[in-house]
Every structure is written in C-alpha cells, then in structure tokens.
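Numbering (the numbering used here), first residue to last: 25 to 161.
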C-alpha cells in the first residue's frame, strides 16, 4: 500500500514547450518591429497601438490646456484683486472663481469627447474595411 499509490509531485513553472508554440507569439521581450512601422505586426495590434497613442496625445493635450487655463486663473485674479481698506474683495473675483472655470471645463471636455469619438470611429471604419475586403476576395 505505501509509496505506489501516491502520485509523484511535479513543480510546474510554465507552459510545456510543445503547447507554447500553439498559443501564438511569446510575450517575452526581444527584438520587436522597427520603430514607426505600423505594418510590422502581423497580428493586427499596430492599429490598436496607433489608436492608443492618438488617445494618449489627445488626453495630454486636454490636460495641458486645462492646466494652463486654470493655472493662470490665480495670476489673473491677483492682477484684478486689490482689496479695499475694509478687506472686501471685488465681485469680479468671486465670479471668476465660481463661474468662469465651469464653461472652460465643459468646453474642453466636449472637445475631448468629440475628438476621442472621431478617433474611435476612424479606427472602427478602418478595421471594418480591412475585414470586409478579405471576405469579398
């Protein structure tokens, strides 16, 4: 009864070599496609990467625009605000703080969403035309 009925334990650290080739390309780092070459990836990841890069650039542009416009608000208010002898701050300062940022935020947000949707529609159109071309031929 002893040792014959207990199966031998094995340490599994990864995929067997025979199954790894059936799963597709390896995710190990190594020499990749040439920089700037969107056609070098045969698995179709290049258009997705291009979309992600465009979306990232757009997000950075929107964030930068918000940072500049809202970051300059204290400078503008410092130029406008000069408290009088009693310490009252002019009404324009309160309007600039409480009202002015919201149309700016909404405008930049609307611009960002429209551009992001335009990028996604262009990507979807490109992938559908690429997939549809292969079905007719």
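Quick reminder that beta carbons are idealized off the backbone N, C-alpha and C, glycines included.
- Counting only unbroken stretches of 4 or more residues, the alpha helix (DSSP H) elements lying wholly within the region 73-128 are 97-104, 115-122, in sequence order.
- The region 83-96 and the region 127-141 touch, with three or more beta-carbon pairs separated by less than 8 Å.
- Our two residues, residue 69 and residue 102, have alpha carbons roughly 50 Å apart in a direct line.
- A direct Cα-Cα distance of roughly 22 Å separates residue 138 from residue 124.
- Rounded to whole angstroms, the gap between the alpha carbons of residue 140 and residue 116 is 35 Å.
- Of all alpha-carbon atoms in 31, 113, 120, the one lying nearest the alpha-carbon of residue 98 is that of 120.
- The shortest C-alpha to C-alpha distance from residue 143 to any of 29, 35, 78, 31 is the one to 78.
- In the same chain as residue 75, and ignoring 5 residues on each side of it, the C-beta atoms closer than 8 Å to its own belong to 143, 144, 147, in chain order.
- Listed in chain order, the non-local C-beta contacts of residue 80 below 6 Å within the same chain number zero, local neighbours out to five positions each way being set aside.
- Put simply, the backbone Cα of residue 35 is about 37 Å away from that of residue 73.
- Distance from the CA atom of residue 128 to the CA atom of residue 112, rounded to whole angstroms, is 27 Å.
- The beta carbons of residue 150 and residue 31 sit about 53 Å from each other, so the pair does not count as a contact at 8 Å.
- Residue 131 sits in a helix when the DSSP states are folded into three classes.
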